[in-house]
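*Asks:* Position 185 (the sequence shown) corresponds to 474 in the working numbering; numbering is contiguous.
Quick one: structure below, then a few questions.
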Amino acid sequence: MIYMSKKEEEKWVIARLVLNHNHELASPNSQKFLRSKRKKSEAQKNLIDLLTNSGIRPSKIASVLTTQAGGIENLNITGRDIQNYLSTKRQNCLEKGDAQLMLKYFQKRQSDSPGFFYAIQMDVEGHLANCFWVDARSRIAYKNFGDVVLFDPTYLTNKYKMPFVPFTGVNNHHQSILFGCSLLWDETEETFQWLLHTWQEAMFGISPRTIITDQDAAITNAVAKVFSNSAHHFCMWHIEKKIPEYLSHVFHAFDDFKNKFKEHIWLRKIYTIREKWIPAYVRTTFCAGMSTTQRSESMNKYFKDYLNSSTPMSVFVTQYDKAVDARYDKVREKDYKTKHSKAILKTLYPMQDEAAKIYTRKIFQKFQEELIQSQKFILEKIEVQDGIHIYKLHLFQREIPTHIVRLNLELKNATCSCHKFEFMGILCRHVLMIFIKKQIHSLPPCYLLDRWTRYATTEKANDISSAGSLAYNLKSSTIWFNNIMTHSLGLSERATRSEKHYKFTYQKLLQLSKELDELPYEDNDNVCDDQVNESNNDLNSSEQREKFSLLNPPCVATKGRPRSLRMKSGLESSQKVKRSSSLKSKRETKIRKKGKGVSSHINVEKEFNSRETIINADPTIEFSAYSEPFEGQSGRADSYPTSFMDLMRATSYPYQRGF
């Protein structure tokens, strides 16, 4: 024990020295808990960084290190040490400016890949307000599959609680793909207008044919102003979720409610916008088979493996790129399986062989199912009008429901009352039944949409230089470490096959370690002083001269972990689901209301005065469509349900239940 006192400036004097230990000495098994022993080696730091960047939690990292050390008794650090190391590294990153690091990352990405696009909006004080970015692969994907787009700004994935807004579509494998994403400060109409204008600018100025969103006034007004020529549909799932909230009393007072139908404010509101969400209306517009934003929500769930509620923005953008890389790897896997596998043919129809050679695996399976189901129908010819043959079809031994098919035999053109082709882009079972009966063995070209074929991708993302490789996020030292570790694992496996091999390898490693320690650094060597993954934030010489500074958005401190990353409606917030089990192993769900929950996001009035955008070339693209006017039961193209029950029946999807 040593006592010291300060006598003069920068001069300390030892006042007392006791050499005897005044405590019990640590046992050999507990020495690893001493602070002096708990030092992380550079190899351990590299491995922790590598596993963290791969989305592995600290608890799992400790398990990996324990296995590597040969048991927990041989590991010199604890799980708390790992958490402290990551926390310190994260804090050092934030001290440099979270938003500024994100901006530098964008600038680096754009410098490496000219196809990368980003836009940033600030408030008058220089704080980040809104940002949008999209890589080259997503922009190429939009050229091929940008006819239908959906987005849902209800997911919070970063420490600033900014809504994460991914633009989502569907590719020729019927997989969800990304067309860029945004972080927003608020959800006002002006913000959504800025976002949609910026996104359209990034997508070569081309508007989507159909856009699907939640039923939100700010989004609706923004879409109407920016995409005035696009069909705007509402997510039917969100509307149906609101029915119990507004119509729970209907089940107990149907007779009174029926007479007061016109007085119900919410029903009147959704009835006036029926063309935007009721299937009887939206099926006349091509939507690639999508009627809800659940595909977008599934993407949000996918990102949960890479992001969490405390993710800083600078880490958010790098993790987002990793998630996108993994997503496109799945696309390449589907491309490979489509090209190098043969479809299983379940019928003898020639059009099935033709479809198997043109469609991707997933789309062919959907087409094949329609072809098989077509044999369950009975058709009856009604009449011929101006060369158009009109048929009525219904299932065997079921006269309701019926479907009307109009066939132009000369042009080999048919339309069905179910409007599956107009909505999905794949021929329905009803038209296929007519084609088979009329000996039309080959699919007319107008029914083979390019977007569903295996040749839909006209440009390959891999052919574009630096189109989003994961190598952007790795320092040279990390790459070196990964290479050495990979070879070391193979060496360890061979060295432990016998005692002779082990002793030989061990002596060589000791010799190599000594030689490495004696190896000097030359002036022209590429030396890495630390292993912190920050190379993606370095700027080139021209960018370093820029004095532009971006401040972090305001962050409100909260106690504890947020209950959810998704903003919920009032109904969802006011409900709590309880599950209980009985002796018969039956599950019951009880809903207990806690009162009217109001879900909101911070709205702050801001005057935006700065914007940075990188604009690229604007190639053109054409979209084709095949649709016919919808005819309801009355035979009029503008017919619609005349009562509440008709309106509810219109949402029941009879054409998707085998009819």
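All residues carry an ideal CB built from backbone N, CA and C; glycine is no exception.
Could you pull out every residue in the same chain whose Cβ sits closer than 7 angstroms to the Cβ of residue 318, ignoring the five residues on either side in sequence?
*Replies:* Same-chain partners within the cutoff: 362.
*Asks:* If distances are taken between C-alpha atoms only, which option among 329, 657, 731, 399 comes closest to residue 374?
*Replies:* Of the candidates 329, 657, 731, 399, the one whose C-alpha sits nearest the C-alpha of residue 374 is 329.
*Asks:* Measure the beta-carbon distance from residue 666 to residue 722 and round it to whole angstroms, keeping in mind my assumption that it falls under 8 angstroms.
*Replies:* At roughly 5 angstroms, the Cβ-Cβ gap stays under 8 angstroms, so residue 666 and residue 722 are in contact.
*Asks:* Taking the alpha carbon of residue 637 as the point to measure from, which residue in 661, 296, 323, 401 has its own alpha carbon closest?
*Replies:* For residue 637, the nearest C-alpha among the options comes from 661.
*Asks:* Looking at C-alpha atoms only, which residue of 656, 659, 657, 698 is the closest neighbour of residue 674?
*Replies:* Cα-wise, what sits closest to residue 674 is 698.
*Asks:* Which residue marks the beginning of the beta strand (DSSP E) containing residue 674, and which one marks its end?
*Replies:* Here the beta strand (DSSP E) through residue 674 covers 666-674.
*Asks:* I'd like to check one pair, residue 840 with residue 458: are the Cβ atoms closer than 8 angstroms?
*Replies:* Against a cut-off of 8 angstroms, the Cβ pair of residue 840 and residue 458 comes out as no contact.
*Asks:* Considering Cα atoms alone, identify which of 602, 692, 679, 715 is closest to residue 657.
*Replies:* For the residues 602, 692, 679, 715, the minimum Cα distance to residue 657 belongs to 715.
*Asks:* Got a sec, what are the start and stop residues for the beta strand (DSSP E) residue 501 sits in?
*Replies:* Residue 501 -> beta strand (DSSP E) spans 499-502.
*Asks:* Going by the beta-carbon positions, is the gap between residue 743 and residue 460 smaller than 8 angstroms?
*Replies:* Result no, Cβ atoms of residue 743 and residue 460 do not sit closer than 8 angstroms.
*Asks:* Check whether the Cβ of residue 356 lies closer than 7 angstroms to any heavy atom of the ligand ATP, and answer yes or no.
*Replies:* The ligand ATP is not part of the structure shown, which contains no ligands of any sort.
*Asks:* Could you check which residue in 433, 304, 353 has the C-alpha nearest to that of residue 496?
*Replies:* Taking only the C-alpha atoms, the option nearest residue 496 is 433.
*Asks:* In or out: residue 337 buried (at least 16 other Cβ within 10 Å) or exposed?
*Replies:* By the 10 Å Cβ count, residue 337 comes out buried.
*Asks:* Are three or more beta carbon pairs between the segment 496-516 and the segment 468-488 nearer than 8 angstroms?
*Replies:* Touching, yes, given that three or more Cβ pairs across the two stretches are closer than 8 angstroms.
*Asks:* Check the C-beta distance from residue 438 over to residue 528 and give it rounded, since I have them as a contact under 8 angstroms.
*Replies:* No, residue 438 and residue 528 are not in contact; Cβ-Cβ is about 19 angstroms, not under 8 angstroms.
*Asks:* Exposed or buried, which one is residue 807 when buried takes at least 16 other CB atoms within 10 Å?
*Replies:* Exposed, because fewer than 16 other Cβ atoms sit within 10 Å of the Cβ of residue 807.
*Asks:* Quick check on DSSP: helix, strand or coil for residue 523?
*Replies:* If DSSP states are grouped into helix, strand and coil, residue 523 belongs with the strands.
*Asks:* Among residues of its own chain, excluding the 5 on either side of residue 832, which ones have a beta-carbon nearer than 6 angstroms to its beta-carbon?
*Replies:* Confidence in residue 832 is poor, its pLDDT being 42 and thus under 50, which makes the residue's placement unreliable; the coordinate value appears in the next sentence. Counting only Cβ-Cβ distances below 6 angstroms, and skipping sequence neighbours, we find 396.
*Asks:* Do you know offhand how far residue 610's Cα is from residue 802's?
*Replies:* Rounded to the nearest angstrom, the two C-alpha atoms are 37 angstroms apart.
*Asks:* Which of helix, strand or coil does DSSP assign to residue 680?
*Replies:* Correct three-state label for residue 680: strand.
*Asks:* Just the Cα atoms here: how many angstroms apart are residue 294 and residue 307?
*Replies:* If you take the alpha carbons of residue 294 and residue 307, they lie about 15 angstroms apart.
*Asks:* Would you please state the rounded distance, in angstroms, between the beta carbons of residue 523 and residue 488? I believe it to be under 8 angstroms.
*Replies:* At roughly 19 angstroms, the Cβ-Cβ gap does not stay under 8 angstroms, so residue 523 and residue 488 are not in contact.
*Asks:* Rounding to the nearest angstrom, what Cα-Cα distance links residue 320 and residue 606 in this structure?
*Replies:* When rounded, the distance between both Cα atoms is 41 angstroms.
*Asks:* Quick check on this structure: which residue in 326, 490, 440 has the alpha carbon closest to the alpha carbon of residue 505?
*Replies:* It is 440 whose Cα lies nearest to the Cα of residue 505.
*Asks:* Would DSSP call residue 696 helix, strand or coil?
*Replies:* Strand.
*Asks:* With DSSP as the reference, identify every bridge partner of residue 305, one or two as the case may be.
*Replies:* In the DSSP output, where bridge partners are listed per residue, residue 305 has 292.
*Asks:* Quick one: what's got a C-beta closer than 7 angstroms to residue 691's C-beta in the same chain, skipping five residues either side?
*Replies:* Hits under 7 angstroms: 681, 682, 683.
*Asks:* By Cβ distance below 8 angstroms, which residues in the same chain neighbour residue 303 in space, the five residues on each side in sequence not counted?
*Replies:* Excluding sequence neighbours, residue 303 sits near 291, 292, 293.
*Asks:* Mapping the DSSP letters down to three states, classify residue 556 as helix, strand or coil.
*Replies:* In the structure shown, residue 556 sits in a helix (DSSP, three-state: H, G or I).
*Asks:* For residue 911 and residue 494, I'd like the C-alpha separation in whole angstroms.
*Replies:* Low confidence applies to residue 911: its pLDDT is 26, below 50, so where it sits in the model is not reliable, and the reading given next is rough at best. Looking at the two C-alpha atoms, the distance is approximately 12 angstroms.
*Asks:* Please tell me whether residue 326 and residue 365 are closer than 8 angstroms, where the distance is taken between their beta carbons.
*Replies:* A contact, by the Cβ cut-off of 8 angstroms.
*Asks:* Answer with yes or no whether the minimum CB distance from residue 481 to chain B is below 8 angstroms.
*Replies:* Here there is only one protein chain, and chain B is not present.
*Asks:* Apart from the five residues just before and just after residue 476, which ones in its own chain have a Cβ nearer than 7 angstroms to its Cβ?
*Replies:* Result list for residue 476: 442, 452, 507, 890, in chain order.
*Asks:* Pull up the distance between the alpha-carbon of residue 603 and that of residue 424, whole angstroms please.
*Replies:* Each residue's Cα considered, the two are about 16 angstroms apart.
*Asks:* Apply the 10 Å Cβ neighbour rule to residue 413 and answer buried if 16 or more other Cβ atoms are within range, or exposed otherwise.
*Replies:* Flag for residue 413 reads exposed.
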